[in-house]
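**Q** Chains H and P are the protein sequences, given in the same order.
FYI, the numbering for the first sequence is 22 to 134, going by our numbering.
FYI, the numbering for the second sequence is 10 to 226, going by our numbering.
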Amino acid sequence: MQKSRELQIIEKYMQGNKQSTKKLIEIFIRQTSQEIKDLQTCLVNKDWREIKEIAHKMKSAFLYLDMPRPIELTEYLRKKAGTNITASIEHINELSEICLQLINSFKKELKKL
Amino acid sequence: MNKIIKLAIVDDSPFFRTGLVSHLQANNKLQIVIECSNGQELIDGLKLGKHKPDIILLDLEMPVMNGIKATEYLSKYYPDIKILILTVHTDDKISYRLMGKGVNGFIPKHNYHDNVMLAIDTVYTSKYYFADYDFKKILAATKQQKEPNGLQEVSFTPRELEVLKLICLQHTTKEIADKLCLSKRTIDRHRENIFKKTGVRKTAGLFAYAIKYGITD
């Protein structure tokens with residue numbers, strides 16, 4: 022299986038250091054899994070302020086991984102969460118889906134490192 | 010440059026922070042002395058007095074104490090520590106506000122790998138680093154605002170104005186003295202007067218002042 026673009030980016034920035042690469046992937050999986058859960062909880066509670074804060078924190082990771090669509094989604098949520106509820110829900114759901122796919126892909130890749 | 014540069018890294022995203030720390034640790038010119046997730050933890054670390062960083066890489070939006078509040082505190086109590094802001098913002102007004110508070114530069118998070126070493130080296134050698142920031146835009150933004158951060162326009166003597174312009178061109182006191190055929194002591198006195206008149210505390214603040222009032226034009 023070919024390495025994902027995101028893994029290649031992490032490997033490049035970690036300058037081939039396998040331990041650092043593994044550590045960073047593990048942190049991503051842990052942090053992002055929690056953030057998705059938190060987003061969903063906040064959505065149920067309509068806590069838009071907290072959603073904005075979570076989205077801001079998530080955006081840093083996607084900037085690091087150079088992922089344009091999640092950057093757009095988090096940027097929208099950071100600025101406009103709650104202004105249009107349907108759009109906010111759609112953005113959160115799309116973001117969650119992308120994150121879960123990436124987490125699964127990282128989990129598989131982690132086993133090979 | 011032979012001296013080891015001591016750094017503090019402050020960012021609430023564990024992923025981003027760890028990535029940045031791992032990247033910088035690979036460079037033997039650098040030593041990470043504080044790693045934490047908000048401004049309050051940074052201040053607590055500094056108060057312990059174990060390690061004092063030369064430069065702080067500081068995120069803006071963080072819980073407990075954000076980057077703006079931390080900058081205000083650092084500017085007051087640790088004016089000799091340089092501050093590089095890690096930012097997802099490209100909002101010129103925010104940049105301007107922070108310049109007025111004494112930051113030494115900005116590193117956009119979206120391409121920090123390309124900028125971070127240059128930014129650290131540049132800021133360490135007493136200069137400023139503003140990657141990707143268009144100062145014409147900042148100036149335009151500031152001209153639309155009225156006293157966004159309390160900077161008041163004041164009148165300078167022609168000599169003070171000359172000194173201020175040269176400070177903003179990043180000349181040292183000695184270079185300014187040589188250029189104007191004056192003593193270093195005289196330049197220090199002019200510098201002191203400029204600080205008093207503008208009410209700013211750090212050279213970065215003078216830079217912000219000069220941009221705002223078009224003194225660098």
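By construction, the Cβ of each residue, glycine as well, lies at the ideal position given by its N, Cα and C atoms.
1. Would you mind listing the alpha helix (DSSP H) stretches within the stretch 75-124 of chain P that are 4+ residues and don't spill past its ends, in chain order?
2. Span of the beta strand (DSSP E) holding residue 42 of chain P?
3. Does the pairing of the stretch 107-125 of chain H with the stretch 51-60 of chain H give three or more beta-carbon distances under 8 Å?
4. Tell me whether the beta-carbon of residue 109 of chain P lies closer than 8 Å to the beta-carbon of residue 35 of chain P.
5. Decide if residue 95 of chain P is buried, meaning its Cβ has at least 16 other Cβ atoms within 10 Å, or exposed.
6. Taking C-alpha atoms, which residue in H:111, H:85, H:68, H:62 lies nearest to residue 49 of chain H?
7. Below 8 Å, can you find three or more Cβ-Cβ pairs linking the stretch 46-64 of chain P to the stretch 125-136 of chain P?
8. If you run the structure through DSSP and keep just helix, strand and coil, what is residue 138 of chain H?
9. Please state whether DSSP places residue 224 of chain P in a helix, a strand or coil.
10. What residue from P:29, P:17, P:38, P:39 has the CA that sits closest to residue 50 of chain P's CA?
11. Residue range of the beta strand (DSSP E) that residue 19 of chain P falls in?
12. Quick one: any contact between the stretch 26-45 of chain P and the stretch 95-106 of chain H, if contact means 3 or more CB pairs under 8 Å?
13. Just checking my contact of residue 219 of chain P with residue 177 of chain P at CB under 8 Å: how many whole Å lie between their CB atoms?
14. According to DSSP, what are the bridge partners of residue 138 of chain P?
15. As a quick exercise: from H:27, H:94, H:40, pick the residue whose alpha carbon is nearest that of residue 134 of chain H.
16. Looking at the secondary structure, which residues open and close the alpha helix (DSSP H) in which residue 53 of chain P lies?
17. Rounded to the nearest angstrom, what separates residue 192 of chain P and residue 175 of chain P at their Cα positions?
18. Out of curiosity, what's the CA-to-CA distance linking residue 84 of chain P and residue 78 of chain P?
19. Identify whether residue 191 of chain P lies in helix, strand or coil by the three-state DSSP scheme.
20. Would you mind stating whether residue 171 of chain P and residue 202 of chain P have Cβ atoms separated by less than 8 Å?
21. For residue 73 of chain H, collect the residues of the same chain with a Cβ closer than 7 Å to its Cβ; drop the 5 residues on either side in sequence, then sort them by chain order.
22. Please report the distance separating the alpha-carbon of residue 94 of chain H from that of residue 37 of chain H.
**A** Here's the rundown:
1. 76-86, 101-109
2. 39-45
3. yes
4. no
5. buried
6. H:85
7. Of all C-beta pairs linking the stretch 46-64 of chain P to the stretch 125-136 of chain P, three or more are shorter than 8 Å, placing the two stretches in contact.
8. Absent from the structure is residue 138 of chain H, since the part of chain H shown begins at 22 and ends at 134.
9. coil
10. Of the candidates P:29, P:17, P:38, P:39, the one whose C-alpha sits nearest the C-alpha of residue 50 of chain P is P:17.
11. Counting along the chain, the unbroken beta strand (DSSP E) around residue 19 of chain P starts and ends at 14-19.
12. no
13. 5 Å
14. P:114
15. H:40
16. 48-57
17. 15 Å
18. 10 Å
19. coil
20. The answer is no: Cβ separation not under 8 Å.
21. Same-chain partners within the cutoff: 98, 99, 102.
22. 30 Å
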